[in-house]
Ligand SMILES: [Zn+2]
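In UniProt numbering, the protein residues as written are 1 to 115.
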């Protein structure tokens, strides 16, 4: 007969409950911002994930040919935002020129990055 012990190996499922809350919260806000940015870049409106009050604004600066660049997104109310580098634009995303002469650069507020 093999020694079949009644196992106490179920503990890994229970461990998940003890995941640190802070990192989960950060992940949730991070994901919420990413979703918001993608929506806004495709022309939708999105409430700010941080203050739930303002509206998210987002601009994709990049190269028309490669459709690669970076994204600046911010809230018009609480002035928090996110900078996503090395992004690739979907087909329906409008790409702004990275040229310093582009007047849009000056219109972007000096927002406070949340990450
Ligand atoms: Zn906000």
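We treat Cβ as the ideally placed atom computed from N, Cα and C, and that holds for glycine.
Only a predicted model underlies this, so the values are computations on that prediction, with no experimental measurement involved.
Can you tell me where the alpha helix (DSSP H) with residue i in it begins and where it stops?
{"i": "residue 105", "result": "104-107"}
Where do the ends of the beta strand (DSSP E) carrying residue i lie?
{"i": "residue 84", "result": "80-88"}
{"i": "residue 57", "result": "56-62"}
{"i": "residue 72", "result": "68-75"}
{"i": "residue 96", "result": "95-97"}
Relative to the alpha-carbon of residue i, which residue among the options has its alpha-carbon at the smallest distance?
{"i": "residue 89", "options": "103, 59 and 78", "result": "59"}
{"i": "residue 68", "options": "101, 91, 42 and 104", "result": "91"}
{"i": "residue 108", "options": "115, 87, 93 and 82", "result": "82"}
{"i": "residue 85", "options": "53, 42, 34 and 78", "result": "34"}
{"i": "residue 64", "options": "79, 115, 27 and 94", "result": "94"}
{"i": "residue 37", "options": "105, 97 and 80", "result": "80"}
Contact set, ligand 1 heavy atom to C-beta under 6 Å | 48, 50, 51, 53, 54, 75, 77, 78 and 80
Three or more C-beta pairs below 8 Å linking the stretch 36-53 and the stretch 96-112 = no
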